[in-house]
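**Student:** Sending over a structure as structure tokens; questions will come in a sec.
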Amino acid sequence: MAIILLSCLSLAAVPVRAAAEAFENIEFMQPNGDSLRETDVRIEFDDSTMRVIKRSNRAVLKEWNYSDIESAEYSYTKNPRWKTGLGLGAAAILFPPLLFIAIPIGFTKHRRHWVTIRTGDDYAVFKVGKGVRKLFMPAFETRTSIQIQALGDDK
Numbered sequence: 000m001a002i003i004l005l006s007c008l009s010l011a012a013v014p015v016r017a018a019a020e021a022f023e024n025i026e027f028m029q030p031n032g033d034s035l036r037e038t039d040v041r042i043e044f045d046d047s048t049m050r051v052i053k054r055s056n057r058a059v060l061k062e063w064n065y066s067d068i069e070s071a072e073y074s075y076t077k078n079p080r081w082k083t084g085l086g087l088g089a090a091a092i093l094f095p096p097l098l099f100i101a102i103p104i105g106f107t108k109h110r111r112h113w114v115t116i117r118t119g120d121d122y123a124v125f126k127v128g129k130g131v132r133k134l135f136m137p138a139f140e141t142r143t144s145i146q147i148q149a150l151g152d153d154k
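According to numbering that gives the first Met the number 0, numbering within the sequence shown proceeds without interruption in unit steps and concludes at 154.
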């Protein structure tokens, strides 16, 4: 009995490595001449590093040690859903009850969530999906010990 108790206590004293966390449904904004290119990425956090990995070919686009990250900001933009409302409005020609859905949708707005990360000599801008935002931001703050500054309303 004493051997079992001693074994359990010795296993409890062994430090457990934090498992790597990964987040998808994130787009990395990259300058491409006069325009921006949106690249689907996966962001991975391990014990000391944050990696931005292209989802299509698993190439590492950015990699920072947590100690190199100096600041982070969160903001969001609101855009009307005109295209969705117009599409349903056009479909209402064939099926008139859709018009009751198209009009309210045309007046609603959707939000795009943005996270900007800065180091001493680099930065990255990410468009973060609504569903992953509330998990990604606390994971970033916990892993890096950097508080994300919310610009504007925090919604």
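For every residue, glycine included, the Cβ atom is placed at its ideal position computed from N, Cα and C.
What do you get for Leu87, buried or exposed, if any count of 16 or more other CB atoms within 10 angstroms of its CB means buried?
**Tutor:** Interpretation of Leu87 is limited by its pLDDT of 47, a score under 50 that renders its predicted location unreliable; no figure is taken from the coordinates.
**Student:** Any idea if Tyr122 is buried or exposed, counting beta-carbon neighbours within 10 angstroms, 16 or more meaning buried?
**Tutor:** Looking at its Cβ environment, which holds fewer than 16 other Cβ atoms inside 10 Å, Tyr122 is exposed.
**Student:** Under three-state DSSP, which class holds Arg142?
**Tutor:** Helix, per DSSP.
**Student:** Quick check on Val59: buried or exposed, where buried means 16 or more other Cβ atoms within 10 Å of its Cβ?
**Tutor:** Exposed, since its Cβ has fewer than 16 Cβ neighbours within 10 Å.
**Student:** For a test of the three-state rule: what should DSSP assign to Arg57, helix, strand or coil?
**Tutor:** The answer is coil: DSSP assigns Arg57 none of H, G, I, E or B.
**Student:** How many Å lie between Thr38 and Arg50 at the Cα?
**Tutor:** Cα to Cα, Thr38 sits roughly 14 angstroms from Arg50.
**Student:** Please state the DSSP three-state secondary structure of Ser34.
**Tutor:** The answer is strand: DSSP assigns Ser34 an E or B state.
**Student:** According to DSSP, simplified to helix, strand and coil, what is Lys82?
**Tutor:** Legend: pLDDT at Lys82 = 49, less than 50; position of this residue unreliable, value from coordinates given subsequently. Lys82: helix per DSSP, three-state reduction.
**Student:** Pick helix, strand or coil for Ser66, following the three-state DSSP scheme.
**Tutor:** In the structure shown, Ser66 sits in a helix (DSSP, three-state: H, G or I).
**Student:** Is it the case that the Cβ atoms of Asn24 and Val124 are separated by a distance below 7 angstroms?
**Tutor:** Contact flag unset, no.
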